[in-house]
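Some notes on the structure that comes next.
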Amino acid sequence: NLLINRIVFLLYILINTLFVEKYISRVTSLHWLFAIVYILGVVCLLWAIRHFSPKCKHPFKWFLALLILFTGIACILQLSIDPLSLNVDRWSAIHNFLSAMLQGQYPYGQQTHLGGYGSPFPVWQILHLPFYALGNVGLSIIVVTLLFLLTIYRIYSNKIALFASVLLCISPAFWYEVAVRSDLITNIMLSAIIAEWLVYKNVKLTDNIVSISIIVGLLLSTRLISVIPICVVYGYEFIQMNWKKKCLFVLIVVGVFCLTMLPFVFWKGSTLLFFEYNPFILQTRQGSWLVLLIFAIIAITIVVWVREKKTYRLAVTGFLLTCLVAMAFLEKMWQYNLWDQLFSSTFDITYLSIALPFYVTHISKFIEKK
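Everything in the sequence shown is counted per my numbering, starting at 226 for the first residue and increasing by one.
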């Protein structure tokens, strides 16, 4: 347990330090000093939380105050940045998709403000309709973060929720996602909420094959990686089921996913299945089939090892997400000899931030037990 806790903490520090290094280095040559200060600051803060949290008499009030503060700062941050000035186009991939769809135009043919194309599947796009109506699809990260932290509060305790809030608020990687109105970590947080709630309610796969397979099918229609948390929760139980139940589960998942895609496959002027930049290609281009095969073997091995050990579930989920991204990066470095180019545009280190919700929750549980 202690080894796993230390690894999770080091990965949390590493991911955030990479963001400090990458973006501070554009401003000053003393970026290494900022990285050291950040690491020492986080270590000191967590030490203080660990030793003085037992004296905190009103953790819920602090938690609520931090939620309000986060919401205010996040809204001000997004309002102060012109989205068209951003070199990240995840927000416009959703905005332009919905704008075209509501005008009856084929949405997957729409380019972003940087000339790219959207990678999310239909369910994730449509879930952003309320935020599109408000004029800012980037608000989704604020709302889902609040839901994520409130879920932690409901499932665990007010102290764990408070610690998780602090860990997110001191994360440069997370604030970067907020600032650029990215929906990537938002997607994973929603998946984490669903996975945690299913575990909390002790929902068994064998007794709820239809409902869980529908949930997985809908999650699959956001992004492919969003099903990893659910796979960790139900992977071993799925392996233990008979072939009849396995086939039923897979058929329903595939069926639900296909149903969400059909309107866009048969849309007038659709090029979804044959387009060079369709969401299937965009979501899988970071790694090769070899990477996916190796990852699948690692994932199955770990899921079987973990089984129903809830203590390791969050750490394992975060590790698998980090592992998938790291393997894709390493393969590209090997192929093109880019070992010193991690901070170049060739590599999008924001993918590393998708593991943060799980690391944050695991670390918070560990601190609370102390």
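The beta-carbon is built from N, C-alpha and C at its ideal position, and this holds for glycine as well.
Here the structure is a predicted model, which is why all the values come from computation and not from measurement.
Cβ neighbour criterion (16 or more within 10 Å) applied to residue i
i    : result
I499 : The amino acid occupying residue 499 in the given sequence is Phe; Ile does not appear at that position. Exposed is the call here.
L294 : exposed
L445 : buried
L323 : buried
H205 : In the structure displayed, the chain extends from 226 to 595; residue 205 sits before or after that span and is not available.
G543 : buried
D314 : buried
G340 : exposed
R231 : exposed
L392 : buried
E501 : exposed
I385 : buried
A273 : exposed
H276 : exposed
N193 : Given a span of 226 to 595 for the chain in the structure shown, any question on residue 193 remains unanswerable.
Supposed contact pair residue j and residue i - C-beta distance, whole angstroms, cut 8 Å
i    : j    : result
V458 : A420 : 5 Å
E593 : S396 : About 18 Å separates the two Cβ atoms, so there is no contact after all.
F288 : S390 : 6 Å
F373 : M414 : 5 Å
I439 : V481 : 5 Å
T296 : I367 : 6 Å
I574 : K247 : 6 Å
K590 : Y331 : That belief does not hold up - the Cβ atoms of K590 and Y331 are roughly 46 Å apart, past 8 Å.
A417 : P454 : 6 Å
S365 : H338 : Incorrect: roughly 18 Å between the Cβ atoms, too far for contact.
I527 : V541 : 6 Å
CB contact flag (residue i, residue j, <9 Å)
i    : j    : result
N503 : R448 : no
V441 : V452 : yes
F474 : I434 : yes
Y263 : V585 : no
I610 : V369 : An answer regarding residue 610 cannot be provided, because it is not within the stretch 226 to 595 covered by the chain.
L581 : I410 : yes
Y461 : R532 : yes
Query raised in the report: If we count Cβ pairs, one from each stretch, closer than 8 Å, do we get three or more for the segment 512-528 versus the segment 339-358?
Result: No, they do not touch.
**Report entry** Stretch-stretch touch, CB-based, cutoff 8 Å, three pairs: the segment 342-354 with the segment 547-559
**Finding:** Between the segment 342-354 and the segment 547-559 there are fewer than three inter-stretch CB-CB distances shorter than 8 Å, so the stretches are not counted as touching.
Query raised in the report: Is there contact between the segment 464-482 and the segment 296-310, where contact requires at least three CB pairs shorter than 8 Å?
Result: Because the criterion of three Cβ pairs below 8 Å is not met, the segment 464-482 and the segment 296-310 do not touch.
**Report entry** Completely contained alpha helix (DSSP H) runs for the segment 511-581, where each covers 4 or more residues
**Finding:** If one requires a minimum length of 4 residues, the alpha helix (DSSP H) runs lying completely within the segment 511-581 are 514-531, 535-561, in chain order.
Query raised in the report: Considering only residues of the segment 442-484, which uninterrupted alpha helix (DSSP H) runs meet the minimum length of 4 residues and lie entirely inside it, listed in chain order?
Result: With a minimum length of 4 residues, the continuous alpha helix (DSSP H) runs that stay inside the segment 442-484 are 453-465.
Query raised in the report: Counting pairs of beta carbons, one from the segment 360-368 and one from the segment 253-264, are three or more of them closer than 8 Å?
Result: Counting C-beta pairs closer than 8 Å gives fewer than three between the segment 360-368 and the segment 253-264, which falls short of the contact rule.
**Report entry** Whole runs of the alpha helix (DSSP H) within the segment 243-326, excluding any shorter than 4 residues
**Finding:** Listed in chain order, the complete alpha helix (DSSP H) runs (minimum 4 residues) inside the segment 243-326 are 256-277, 284-304.
**Report entry** Minimum length 4: unbroken alpha helix (DSSP H) runs contained in the segment 417-444
**Finding:** Those alpha helix (DSSP H) runs which fall completely within the segment 417-444 and span 4+ residues do not exist here.
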